[in-house]
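Reviewing the structure listed below.
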Amino acid sequence: MDERLPQLLMCRELDIAPLDPYVSCDFLVRPATTDDEPGIAGVLTDAFNDAWSVDRVARELTRRCDVDTVFVAEADVKIVGTASARLGTHLIPGAGYVHWVATAGGYRGRGVARALCAAVLRRFQELGCRSVVLETDDARTEAVRLYWRLGFRPLSRHPMDGTRWDAVLAACDLCDREE
Ligand SMILES: CC(C)(COP(=O)(O)OP(=O)(O)OC[C@H]1O[C@@H](n2cnc3c(N)ncnc32)[C@H](O)[C@@H]1OP(=O)(O)O)[C@@H](O)C(=O)NCCC(=O)NCCS
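In terms of our numbering, the sequence shown opens at residue 231 and continues consecutively.
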């Protein structure tokens, strides 16, 4: 992929369906506290193959002024996933922005990210947002499948996006593409 291309965009309206709380006996989803910063750093470092320190988590998430709520998933007395509700995106005025979604390697495929994203979407509903946007990458098929199942659909902002989405949705077995 051309490195200069922007990330792919997905959007979901918030008035199309009520969101049920997603409950599991295997893990708990809750807002993060500062005590969770090392655990969040570990999950993000593992998931994005990039160094996340406690300072970076504070700077980019837990103490960042446009991040309303950082959610964590807790299982086996540790942090196993995170997703955040960020406001003030320039992408769509008034929309919420789903920020830094990740599940620790050993806990994937159990609905952790789905529950975290549902908590983020419910928070945006509480805040009165009418829509939610997120950015992702062409190779993140697990993430695109998850977002699609949560009702997100592709948005185009670059002339190459139509071609890129055709390839991404085919790789995800999501061929009934809707604009
Ligand atoms: C993308 C990512 C966050 C998904 O996390 P996850 O916790 O595995 O996601 P979920 O379990 O909620 O959903 C993933 C799949 O597991 C399935 N699943 C949900 N509950 C399940 C269960 N109890 N048992 C088995 N599978 C289950 C979901 O249906 C989904 O399947 P699908 O792909 O067929 O739709 C994770 O792969 C990750 O951290 N990737 C690296 C970082 C990344 O790409 N982040 C997104 C950046 S935009």
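Glycine residues also receive a C-beta, built at the ideal position from the N, C-alpha and C atoms.
All values reported here derive from a predicted model rather than from experimental measurement.
Legend entry - Proximity winner among 350, 342, 273 and 355, relative to residue 300 (alpha-carbon distances): 350
Legend entry - Continuous alpha helix (DSSP H) stretch holding residue 276: start and end: 267-278
Legend entry - Distance, residue 243 Cα to residue 291 Cα: 24 Å
Legend entry - Close beta carbons around residue 235, own chain, < 8 Å, minus the five adjacent residues each side: 388, 390 and 394
Inset, instruction - Report the three-state DSSP secondary structure of residue 331 (helix, strand or coil). - result: strand
Inset, instruction - Return the CA-CA distance between residue 258 and residue 357, expressed in angstroms with no decimal places. - result: 22 Å
Inset, instruction - Look up residue 238 in the DSSP assignment and give the residues it is bridged to. - result: 366
Inset, instruction - Go ahead and pull the three-state DSSP assignment for residue 305. - result: strand
Inset, instruction - Please confirm whether any heavy atom of ligand 1 lies closer than 7 Å to the CB of residue 399. - result: no
Inset, instruction - Answer yes or no: do residue 404 and residue 370 have a C-beta to C-beta separation smaller than 8 Å? - result: no
Legend entry - CA-to-CA distance, residue 398 to residue 289, given in whole angstroms: 32 Å
Legend entry - residue 396 versus residue 383: straight-line alpha-carbon distance, rounded: 12 Å
Inset, instruction - For residue 380, verify whether its CB is less than 7 Å away from any heavy atom of ligand 1. - result: no
Legend entry - Classification of residue 379 by the beta-carbon crowding that lies within 10 angstroms, buried from 16 upward: exposed
Inset, instruction - Could you work out which residue in 348, 381 and 368 is closest to residue 400 when comparing CA atoms only? - result: 368
Inset, instruction - Helix, strand or coil for residue 286, going by three-state DSSP, please let me know. - result: helix
Inset, instruction - Taking all protein chains shown into account, decide if residue 346 is buried (16 or more other Cβ within 10 angstroms of its Cβ) or exposed. - result: buried
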